[in-house]
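Enquirer:
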Amino acid sequence: MRNREIVWLSDDEKAFVQSFLLEEDDDILAFNKPAGLPCQTRKVDDQTLDKLLWAFAKSNGKRPHLAHRLDGETSGIVIAARTKPAAAALSKAFEDRQIKKTYLALVKGDAGRVTRIDAPIGSIRKEDGMLISGIGGQKGVKDVKEALTRFNCVAFENGYSLLECRPETGRMHQIRVHLAHAGFPILGDAIYGDANSAPRLMLHALSLKGPHPIGGQFEYLAPVPDDFEQFAQGQG
């Protein structure tokens, strides 16, 4: 897992990425990514989690690589593979849907009736070139694929619902699109809802569980960040 150009990080950048490292072993790094930090972008100068992985590079230039991605606005668990065999094993586990993901989402309204959304999702190219997602059959939606998310309402207070979300497929913005389609856009969602309804996107990747590259199972839990918890408590 070698990169042609080594990225040199400052001491502050190294300390920053270490501050949200949850667990590590010889094969996997697990992070509680803060909201606002993108996993990857096309802009060379952007600060990304992918770039910050250079903090864990070996002297031979080999460094970890992301096994999957979260939206930049979403906080929570992200894992990276430290070796090529680990990367291949994790990639296959994601592809085979062996990795179970659980998210928390805060929405307005009583979403207790929403327990399962099985609605295909495709991509939409906006006029500015931005790629977003939409439900199959909507105008401009292409490359439609099956998408299934299961939900459990864990709390409903003062007109707001806190949902556990378990996507069984891995489409772009899947939870966000499904909840918006059901009439419950996630608070703070600038694309599929109202950006002004919360100070951030109220979506947090809570846990990740699956087969470990060397055998057995891994399970990582990302504590809910203070900004998410404080806003949710203020609505409840």
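Positions 2 to 237 (the numbering used here) are the ones given, in order, by the sequence shown. Built from N, CA and C at the ideal position, the CB exists for glycine as well. All of these numbers come straight from a predicted model, not from anything done at the bench.
Does the beta-carbon distance from Tyr221 to Ala81 come in below 8 Å?
Expert: Cβ atoms of Tyr221 and Ala81: not closer than 8 Å.
Enquirer: Name, in chain order, the residues that DSSP records as bridge partners for Ile80.
Expert: DSSP, once it has assigned bridges, lists Ala31 as partnering Ile80.
Enquirer: Taking all protein chains shown into account, decide if Val45 is buried (16 or more other Cβ within 10 angstroms of its Cβ) or exposed.
Expert: Burial call: exposed.
Enquirer: Taking the runs of the alpha helix (DSSP H) that are 4 residues or longer, which of them lie wholly in the region 47-97?
Expert: Here the runs fully enclosed are 50-53 and 85-96.
Enquirer: Please return the same chain residues whose Cβ sits closer than 7 Å to the Cβ of Val18, not counting the five positions on each side in sequence.
Expert: Counting only Cβ-Cβ distances below 7 Å, and skipping sequence neighbours, we find Leu53 and Ala56.
Enquirer: Once you ignore the five residues that flank Gly137 on each side, which residues in its own chain have a CB closer than 8 Å to its CB?
Expert: So the list reads Ala120, Pro121, Ile122, Gly123 and Val145, once near-sequence residues are dropped.
Enquirer: Going by DSSP, which residues form a beta bridge with Gly135?
Expert: Looking at the DSSP assignment, Gly135 forms a beta bridge with Gly123.
Enquirer: In this structure, does DSSP put Leu180 in helix, strand or coil?
Expert: It is helical.
Enquirer: Give me, in chain order, the residues of the same chain whose beta-carbon lies closer than 7 Å to that of Phe157; leave out the 5 immediate sequence neighbours on both sides.
Expert: Cβ neighbours of Phe157 beyond the five flanking positions: Asp111 and Gly113.
Enquirer: Going by alpha carbons, who is nearest to Asp227 out of Glu14, Lys34, Asp13 and His179?
Expert: Nearest of Glu14, Lys34, Asp13 and His179 to Asp227, Cα basis: Lys34.
Enquirer: Do Pro200 and Tyr193 count as a contact pair if the criterion is CB distance below 8 Å?
Expert: Cβ distance not < 8 Å, so Tyr193 and Pro200 don't count as in contact.
Enquirer: Tell me which residue opens and which closes the alpha helix (DSSP H) that Gly235 is part of.
Expert: That run of the alpha helix (DSSP H) goes Asp227 to Gln236.
Enquirer: Please identify the residue among Lys101, Ile7 and Arg83 whose C-alpha is closest to the C-alpha of Lys210.
Expert: Nearest C-alpha to Lys210: Lys101.
Enquirer: Under 8 Å between the Cβ atoms of Arg83 and Asp28?
Expert: Yes, the Cβ-Cβ distance between Arg83 and Asp28 is below 8 Å.
Enquirer: Alpha carbon to alpha carbon, how far is Leu79 from Pro39?
Expert: Note on residue identity: the sequence assigns Val, not Leu, to residue 79. Using only the alpha carbons, I get a separation of about 11 Å.
Enquirer: For my contact list, Ser174 and Ser134 are in at a C-beta cut-off of 8 Å; report their separation, rounded to the angstrom.
Expert: Position check: residue 174 holds His in this sequence, whereas Ser was assumed. About 4 Å; that satisfies the 8 Å criterion.
Enquirer: Going by DSSP, which residues form a beta bridge with Ala21?
Expert: First, the amino acid is wrong: residue 21 is Phe here, not Ala. None; Phe21 has no bridge partner.
Enquirer: Quick check: the Cα distance between Pro65 and Gly77, rounded to an integer number of angstroms?
Expert: Their Cα atoms are separated by approximately 18 Å.
Enquirer: Output the distance between the C-alpha atoms of Asp72 and Leu22, rounded to the nearest integer angstrom.
Expert: Those two C-alpha atoms are separated by around 18 Å.
Enquirer: Tell me which residues share the same chain as Phe229 and place their Cβ nearer than 7 Å to its Cβ, disregarding the 5 neighbours each side in the sequence.
Expert: Ser76, Met203 and His205.
Enquirer: So the candidates are Phe152, Leu50 and Glu165; which of them puts its Cα closest to the Cα of Ala16?
Expert: Nearest of Phe152, Leu50 and Glu165 to Ala16, Cα basis: Leu50.
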